[in-house]
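FYI, in my numbering the residues of the sequence shown are 36 to 471.
Working notes, structure below.
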Amino acid sequence: MAEFMLYVRTVLFGLTFALVMLSVPQRLSGRVLQFDRFAHYIERFNAEDVETITNYIPNSVAKHWLSENIPLFECPDREVEEIYYYRFWVYRKHIKLTPVGFVITEFLKPVKHAGQYNTISCAVGHHLAEGRWLWNQQYLRDYILFWLRGYNGGPQPHFHQYSSWFAWAVYQWYMVTDEKSFVTNLVDDLVADYNRWCEERELPEGLFWQYDVRDGMEESISGSRTNKNIRPTINAYMYGNAMAIAALARLAGRQSLVVEFENKANALRQRMLLKLWDSQAEFFKVRLENGELSDVRELIGYVPWMFGLAPVDEPYMRAWKELTNFHGFKSAFGFTTAEQRHIRFRTHGVGRCEWDGPIWPFATSQTLSALANVLRDKRLKPKFQFVITLMRSSSTYKCIVTMANHSLVNISMKSRGLGLTVATGAGITIIQLLRT
């Protein structure tokens with residue numbers, strides 16, 4: 036136990052030191068860290084990659100581009116450090132220059148469910164969270180405008196193909212970049228987008244429904260491609276979007292909008308706590324179209340904490356015990372997307388994209404962001420679980436890179452048992468987890 040505590044303290048010190056490093060702009064960081072110290076990661080990734088598709092930044096210039104654009108990060112755990120640089124190395128592969136500016140893709144190869152320029156809205160929140168740390172923000176300014184105004188001056192027709200926390204992500208982007216004039220100019224666009232979601236997905240009771248496939252979470256235990264189930268995902272997203280619009284409206288000096296959207300968010304929060312919290316299972320669940328709560332705990336039950344919606348006190352905090360339970364979501368690598376004790380865990384077997392248990396970094400990222408928010412509460416003294424969880428998350432990527440052998444991007448694979456399914460274009464980045 037003493038050795039374990041020493042290790043935890045060492046890791047916590049490393050993470051604290053890393054936060055200081057992340058706060059220093061790259062062009063000023065030579066006094067603290069030098070990119071050459073970490074260049075060997077990029078050189079190895081390049082050497083092991085078979086580059087068949089290139090976008091704006093090919094492997095040949097990746098090292099130089101990364102040295103100019105990313106914050107430097109050092110960690111006593113070299114595995115975490117390696118994955119940090121791997122994530123940015125992968126991210127720049129998905130920066131694509133189009134006739135209308137830059138976009139971020141989810142897949143390098145064209146996929147049939149994508150829209151113009153191979154864009155998909157499902158992971159846009161992750162794209163903005165990850166890319167906001169780059170020195171050159173023209174990429175994301177273009178990308179934001181692409182979704183809101185890139186189709187004859189209006190939103191892309193495939194913007195609502197998937198639910199997302201777009202307004203929230205834009206506000207979080209502003210919190211890093213401080214581009215006030217840019218984001219306040221988007222308030223009307225974001226209000227219109229919110230209202231459009233209300234027209235498309237809001238039920239008379241004031242909650243939102245969604246097909247699991249339109250959450251990007253198809254073949255889940257609780258979900259459906261036909262039933263209008265009330266899911267924690269889209270409702271938490273809409274809460275976050277409303278809070279973000281209120282915050283942006285405050286920046287713009289539009290007080291009436293602040294009041295309107297704070298009221299919307301607060302009302303939605305109360306409805307979620309009333310309708311989606313299962314007091315017996317002590318977990319946020321999907322409410323089915325027939326009015327009953329689903330009988331399964333799924334990882335999406337943590338999404339409300341990602342946006343500060345769920346309380347950080349009893350009984351709600353009891354939900355987190357499932358994260359460290361091997362009958363719940365705990366596994367050797369990351370978190371299963373459904374509780375392992377459920378009779379339908381890993382039973383679909385219909386394709387590569389299944390959310391009845393396989394580990395998805397998309398969901399792991401949401402969960403760790405939620406956990407980081409929870410641990411910001413000063414009443415919660417033990418922070419060790421976040422560190423251990425972060426270590427397990429990095430081990431997931433280490434496993435992927437090792438198993439993939441020289442195919443470092445666009446991996447999609449499943450193993451027997453728990454399953455491990457990854458589309459790296461929509462994955463996790465250590466930096467967004469270290470915000471806390």
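Every residue, glycine too, gets a C-beta built ideally from N, C-alpha and C.
Everything numeric in this text was worked out from a predicted model, so none of it was measured.
Classify residue i as buried or exposed, calling it buried when 16 or more other Cβ atoms lie within 10 Å of its own Cβ.
| i | result |
| --- | --- |
| Cys233 | exposed |
| Leu309 | exposed |
| Phe137 | buried |
| Arg122 | buried |
| Lys215 | exposed |
| Ser291 | exposed |
| Ile88 | exposed |
| Gly189 | exposed |
| Phe142 | buried |
| Lys356 | exposed |
| Val294 | exposed |
| Gln245 | buried |
| Arg236 | buried |
| Ala302 | exposed |
| Phe361 | exposed |
| Gly258 | buried |
| Pro145 | exposed |
| Arg167 | buried |
| Ala227 | exposed |
| Gly369 | buried |
| Ser58 | Confidence at Ser58 is low in this model, with a pLDDT of 48, below 50, so its placement is unreliable and no value can be given for it. |
| Lys147 | exposed |
| Leu175 | buried |
| Ser314 | exposed |
| Gly326 | exposed |
| His377 | buried |
| Val46 | Caution applies to Val46, whose pLDDT of 41 falls short of 50 and renders its modelled position unreliable; the model cannot decide the point. |
| Ala204 | buried |
| His22 | Lying outside 36 to 471, the shown extent of the chain, residue 22 is not represented and no answer is given. |
Looking only at its chain, what residues have a beta carbon closer than 6 Å to the beta carbon of residue i, apart from the 5 residues adjacent to it on each side?
| i | result |
| --- | --- |
| Tyr197 | Ser156, Cys157, Arg249, Gly251 |
| Ile256 | Val331, Ala373, Arg379, Asp391 |
| Trp182 | Gln191, Phe194 |
| Ala149 | Ile155 |
| Ala398 | Leu334, Thr372 |
| Lys365 | Thr359 |
| Leu221 | none |
| Gly363 | Glu357, Glu374 |
| Asn525 | Missing from the structure shown is residue 525; the chain here goes from 36 to 471 and no further. |
| Thr268 | Asp250, Ile335, Val338 |
| Asn262 | Glu324 |
| Gly288 | none |
| Ser199 | Ser156, Val159, Gly160 |
Might you give, ordered along the chain, the residues of its own chain that have their beta carbon closer than 8 Å to the beta carbon of residue i, omitting 5 neighbours on each side?
| i | result |
| --- | --- |
| Arg304 | Tyr274, Leu344 |
| Glu86 | Pro93, Asn94 |
| Asn90 | Lys128, His129, Ile130, Lys131, Leu132, Thr140, Leu143 |
| Arg260 | Tyr246, Asp247, Val248, Glu253 |
Hey, does residue i have any beta-carbon neighbour from chain C nearer than 8 Å?
| i | result |
| --- | --- |
| Leu309 | In summary, chain C is missing from the structure at hand, where a single protein chain is found. |
Rank the options by C-alpha distance to the C-alpha of residue i and give the top, closest one.
| i | options | result |
| --- | --- | --- |
| Leu68 | Arg322, Glu117, Ser102, Met307 | Ser102 |
| Tyr229 | Glu116, Ala279, Gly160 | Ala279 |
| Glu324 | Phe108, Lys147, Leu311 | Leu311 |
| Ala405 | Tyr272, Tyr351, Trp340, Trp124 | Trp340 |
| Ile130 | Gln173, Lys147, Glu116 | Gln173 |
| Asp223 | Val211, Glu389, Ala277 | Ala277 |
| Leu225 | Ala202, Gly386, Tyr246, Tyr209 | Ala202 |
| Asn298 | Leu242, Phe368, Ala281, Leu132 | Ala281 |
| Glu349 | Val159, Ala204, Phe318 | Phe318 |
| Gly160 | Ala407, Arg414, Phe342 | Phe342 |
| Pro134 | Ile118, Tyr76, Tyr178 | Tyr178 |
| Tyr186 | Arg231, Ser199, Gln151 | Gln151 |
| Leu33 | Ala204, Arg266, Phe217 | Nothing about residue 33 can be read from this structure; the chain reaches only from 36 to 471. |
| Asp412 | Thr382, Arg387, Pro346 | Pro346 |
| Tyr351 | Arg381, Lys320, Phe70 | Lys320 |
Could you name the residues of the same chain whose beta carbon sits closer than 7 Å to that of residue i, not counting the 5 residues immediately before and after it, in chain order?
| i | result |
| --- | --- |
| Asn81 | Asn94, Ala97 |
| Ala284 | Val222, Leu292, Val293, Phe296 |
| Glu116 | Phe108, Glu109, Cys110 |
Since I believe residue j is in contact with residue i (beta carbons under 8 Å), could you give me their beta-carbon distance rounded to a whole number of angstroms?
| i | j | result |
| --- | --- | --- |
| Arg127 | Trp100 | 6 Å |
| Gln207 | Ala164 | 6 Å |
| Gly322 | Asn264 | One point to set straight first is that residue 322 is Arg, not Gly, in the sequence displayed. The pair is a contact, with the Cβ atoms about 7 Å apart (cut-off 8 Å). |
| Glu17 | Val385 | It is not possible to answer for residue 17, since the shown part of the chain is limited to 36 through 471. |
Every unbroken beta strand (DSSP E) inside the stretch 295-341 [3 residues or more]:
none
Within the stretch 99-182, note down every full alpha helix (DSSP H) run reaching 4 residues or more, in order along the chain.
113-128, 159-166
What alpha helix (DSSP H) runs, 4 residues minimum, are completely inside the stretch 179-206?
none
Scan the stretch 215-270 and note each continuous alpha helix (DSSP H) run of 4 residues or more that stays entirely inside, going in chain order.
215-219, 222-236
Mind listing, in chain order, the continuous alpha helix (DSSP H) runs of no fewer than 4 residues lying wholly within the stretch 329-399?
338-341
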